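With mature numbering (1 follows the signal peptide of the UniProt record, and there is no 0) applied, the sequence shown corresponds to residues -33 to -1, 1 to 186, in that order.
Glycine residues also receive a C-beta, built at the ideal position from the N, C-alpha and C atoms.
The structure presented is a predicted model; accordingly, all values stated were derived computationally and were not measured.
Written below as structure tokens is the structure these notes are about.
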Amino acid sequence: MTRRWPASPRRLTLPATATLLVALTGAAGVAAAAPDRPALAGATAAAPAPAGDLDPGPYHRLLDPLVGTWKAVKTNYVLGGGRPVVSRDIVVRTRWMRRTGGRFLEERTDGTLGGDRYHRTGVLGFSTIDRRYEWTTFDSVTPTAMTYRGAPVTGTPSVLSIPGEFTDPGILGPGYRGRTIPMRTVITLGRTPTFDLYFTPPGQAERLVDRVVYTRRIG
């Protein structure tokens, strides 16, 4: 008996290929829009933002006095059970982050706090779109990021007040664990910068909980 092999598949010609593509996709081509499909209402090509709105500007330059390596004194008014905890071995290293185009300032703080090793990494920048300072920190005490967003800035401030809120892991006491605590960082610029942190526990007045005073540059 003679075995009959199936015929070889035909090669689709270009017109046949196009016809098959239309049948599968319902479009006349990959890049062409269907002629009966209306454009999205209000869809327009996004205009590029002016370079001046994106590049670092004068409000970034106000942060230049923070750049460098500093000796600092840190005083905490919460962790000592009512008695201030003072650390005099704090070293703060601050630099502009080149890979961000110099848009963000990175702070690294090391030392001890209450006899334990202490570290904090902070990122400070100015949003040219929102016209506000933004500050986020990560430290070895709290298990959550501390994030702050300021109000729109005008003029030439020498003191930056940047509010935020966080979920208390129990820093203020067991009764506050899991509660949202309004907070505020106040950064005083100049030759001896100061970072003050305030909490406003529910039903209480705002109070100072932490202060870092830059005392002198190293090197």
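**Message:** Helix, strand or coil for Y44? Go by DSSP, reduced to three states.
**Reply:** The answer is coil: DSSP assigns Y44 none of H, G, I, E or B.
**DSSP state of V59 mapped onto helix, strand, coil** = In this structure, V59 counts as strand in the three-state DSSP scheme.
**Prompt:** Where are the beta strand (DSSP E) runs, 3 residues long or more, that stay fully inside the stretch 97 to 128, in chain order?
**Reply:** Within the stretch 97 to 128, the complete beta strand (DSSP E) runs of at least 3 residues are 99 to 106, 113 to 116.
**Message:** So, for R144: in the same chain, excluding its five sequence neighbours on each side, which residues have a beta-carbon less than 7 Å away from its beta-carbon?
**Reply:** D135, P136, G137, listed in sequence order.
**Message:** Tell me which residue opens and which closes the alpha helix (DSSP H) that P25 is part of.
**Reply:** If you look at P25, you'll find it in the alpha helix (DSSP H) that goes 25 to 28.
**Message:** Based on DSSP bridge pairs, tell me the residues matched to M150.
**Reply:** Paired residues: G131, F166.
**Prompt:** CB-CB under 7 Å to G35, same chain, minus the five flanking residues each way: which ones, in chain order?
**Reply:** Sequence-distant Cβ neighbours of G35 in its own chain, meaning closer than 7 Å and more than five residues away, are T61, R184.
**Request:** Within its chain, find whatever has a CB closer than 6 Å to the CB of T114; leave out the 5 residues flanking it on each side and keep chain order.
**Result:** These residues qualify, in order along the chain: T103, G131.
**Message:** For H86 and R75, I'd like the C-alpha separation in whole angstroms.
**Reply:** Near 7 Å, if we compare the C-alpha coordinates of R75 and H86.
**Request:** Name the residue from G48, S125, S94 whose alpha carbon lies nearest to the alpha carbon of P160.
**Result:** Among G48, S125, S94, the Cα nearest to that of P160 belongs to S125.
**Request:** Return the chain-ordered list of same chain residues with a C-beta closer than 8 Å to the C-beta of V40, the five sequence neighbours on each side being excluded.
**Result:** Only V53, S54, R55, I57, V179, V180, T182 meet the Cβ criterion.
**Message:** Going by beta-carbon coordinates alone, are L21 and T67 separated by less than 8 Å?
**Reply:** Cβ atoms of L21 and T67: not closer than 8 Å.
**Request:** Using three-state DSSP, classify R87 as helix, strand or coil.
**Result:** It is a strand residue.
**Request:** Could you check which residue in D106, T42, G117 has the C-alpha nearest to that of G92?
**Result:** The shortest C-alpha separation from G92 is found at G117.
**Item:** Distance between L33 and E101 (C-alpha atoms, nearest Å)
**Value:** Here the alpha carbons of L33 and E101 stand approximately 15 Å from one another.
**Prompt:** Going straight from the alpha carbon of L127 to that of L30, what length do you get?
**Reply:** Approximately 10 Å, taken between the alpha carbons.
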